[in-house]
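For what it's worth, this note's numbering labels the leading residue of the sequence shown as 2, then goes sequentially. Yeah, the Cβ is synthetic: ideal placement off N, Cα and C, and Gly gets one too. These numbers come from a predicted model, not from an experiment.
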Amino acid sequence: MPPTESFGSPDQKSRYVRRMFNAISKRYDFLNHFLSVGIDIYWRRQALRLSQLKNGEWFLDVACGTGDISIQAANKKPARIVSVDFAEAMLRNFEMKKKNLGLDGSVELIQADAELLPFPESTFDVTAVAFGVRNFGNLERGLSEMRRVLKTGGRIVILEFSTPKSLGIREAYLFYFTRVLPIIGKLVSKDPGAYRYLPGSVSGFPDGGDFEEILRKANFRNISSTSLTFGIATIYYGEK
2 MPPTESFGSP DQKSRYVRRM FNAISKRYDF LNHFLSVGID IYWRRQALRL
52 SQLKNGEWFL DVACGTGDIS IQAANKKPAR IVSVDFAEAM LRNFEMKKKN
102 LGLDGSVELI QADAELLPFP ESTFDVTAVA FGVRNFGNLE RGLSEMRRVL
152 KTGGRIVILE FSTPKSLGIR EAYLFYFTRV LPIIGKLVSK DPGAYRYLPG
202 SVSGFPDGGD FEEILRKANF RNISSTSLTF GIATIYYGEK
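Have a look at this one:
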């Protein structure tokens, strides 16, 4: 598996990430909840709360994976939920989850690239991405697309891993992320590269104030960030 900084181009990274997520799709949900001790469910709930998603609004879940944040969004009774991902195997698993949960008519699934969204300008009230933005081949292009499809006054919410600032917690977190998680991920997912990619993608991601500045350059306003669980994850919020 190539380290995150060695991808020759955004397209090369996108191709690698798509193959990786297709390969681990069957074990993706189990590993998400197991490796985070289930706290990722709470993180998504907090992201939705900060999005201020209301009954009757249009919600777009970008890089949706198997759809956990879309499923939680359905409880808010928006008028429309659209979930997009470029990994077809992830969407197939999401389709099965929808049927099992009785959400067939509530969530629309579309295979699409986050950097080329197939929607007109000013379509959605809220765009969200949970643990997917660091996998964009071209981060700026992906954020620009998410802004383009937002209505004026619409909100973007991004939930992403971050690196804790407290020294003791940071050391324990990095040990778990770089030593323990890859071993467990390899044993359970049968993919030798996927859970080595994860620590590298997190450590190379511009979190905190650095990511707020990227949102600012993408022309979002009223930007804020909320740290979760000692800084292990962060919710970023902005408006068009």
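Continuous alpha helix (DSSP H) stretch holding residue i: start and end
i: glutamine 73; result: 69-74
i: glutamine 47; result: 40-52
i: lysine 98; result: 89-102
i: leucine 118; result: Premise fails: leucine 118 is in no alpha helix (DSSP H) and is neither H nor E.
i: aspartate 30; result: 29-36
i: aspartate 12; result: 11-25
i: arginine 142; result: 140-149
i: glycine 169; result: 168-176
Where residue i falls, given that 16 or more other Cβ within 10 Å makes a residue buried
i: glutamate 161; result: buried
i: methionine 21; result: buried
i: valine 83; result: buried
i: alanine 129; result: buried
i: glycine 39; result: exposed
i: asparagine 101; result: exposed
i: arginine 45; result: buried
i: lysine 14; result: buried
i: proline 200; result: buried
i: glycine 135; result: The question names glycine, but residue 135 is arginine in the sequence shown. Answer is buried; the Cβ neighbour count reaches 16.
i: isoleucine 117; result: Position check: residue 117 holds leucine in this sequence, whereas isoleucine was assumed. Its Cβ having fewer than 16 others within 10 Å, leucine 117 is exposed.
i: aspartate 1; result: Since the displayed the chain opens at 2 and closes at 241, residue 1 lies outside it and no answer follows.
i: glycine 103; result: exposed
i: leucine 61; result: buried
i: phenylalanine 125; result: buried
i: proline 3; result: Reliability fails at proline 3, whose pLDDT of 41 lies under 50, so the model's placement of it is uncertain and the value that follows must be treated cautiously. Looking at its Cβ environment, which holds fewer than 16 other Cβ atoms inside 10 Å, proline 3 is exposed.
DSSP-derived helix/strand/coil call for residue i
i: isoleucine 233; result: coil
i: phenylalanine 206; result: coil
i: glutamate 161; result: strand
i: glutamate 214; result: helix
i: glutamate 58; result: coil
i: glycine 155; result: strand
i: serine 226; result: strand
i: glycine 194; result: coil
i: glycine 239; result: strand
Residue i - containing beta strand (DSSP E), residue span
i: alanine 1; result: This structure cannot settle anything about residue 1, because the visible part of the chain is limited to 2 through 241.
i: glutamate 1; result: Because the chain in this structure spans residues 2 to 241, residue 1 falls outside the shown range and cannot be described.
i: serine 84; result: 81-86
Reference residue i, options the options, closest by Cα
i: isoleucine 157; options: Gly39, Lys27, Ser52; result: Ser52
i: alanine 48; options: Gly57, Ala74, Asn23, Leu168; result: Ala74
i: serine 71; options: Ala88, Ile42, Gly210, Glu89; result: Ile42
i: alanine 131; options: Pro11, Tyr17, Tyr237, Arg19; result: Tyr237
i: proline 183; options: Leu216, Arg171, Arg197, Glu172; result: Arg197
i: alanine 219; options: Pro79, Asp86, Cys65, Leu151; result: Leu151
i: arginine 81; options: Asn33, Thr164, Val108; result: Val108
i: glycine 66; options: Asn56, Glu96, Glu58; result: Glu96
i: aspartate 86; options: Gly106, Gly68, Lys78, Ala64; result: Ala64
i: arginine 217; options: Phe137, Ile170, Gly239; result: Gly239
i: serine 114; options: Leu92, Asp105, Asp126; result: The question names serine, but residue 114 is aspartate in the sequence shown. Comparing Cα positions, the closest option is Leu92.
i: isoleucine 111; options: Lys78, Gly68, Leu140, Phe137; result: Gly68
i: alanine 90; options: Asn223, Ile25, Phe120, Leu36; result: Ile25
CB contact below 8 Å: residue i versus chain D
i: threonine 67; result: The question asks about chain D, but that chain is absent: this structure has only one protein chain.
Residue i beta carbon near the ligand FAD (any heavy atom closer than 7 Å)
i: lysine 99; result: Looking for the ligand FAD in the displayed structure turns up nothing, as the structure carries no ligands at all.
For this session: Could you say if the region 135-144 and the region 28-35 meet the contact criterion of at least three C-beta pairs nearer than 8 Å?
Result: Segments in contact, no.
Problem set entry | Contact between the region 54-62 and the region 168-181 (3+ Cβ pairs under 8 Å) | no
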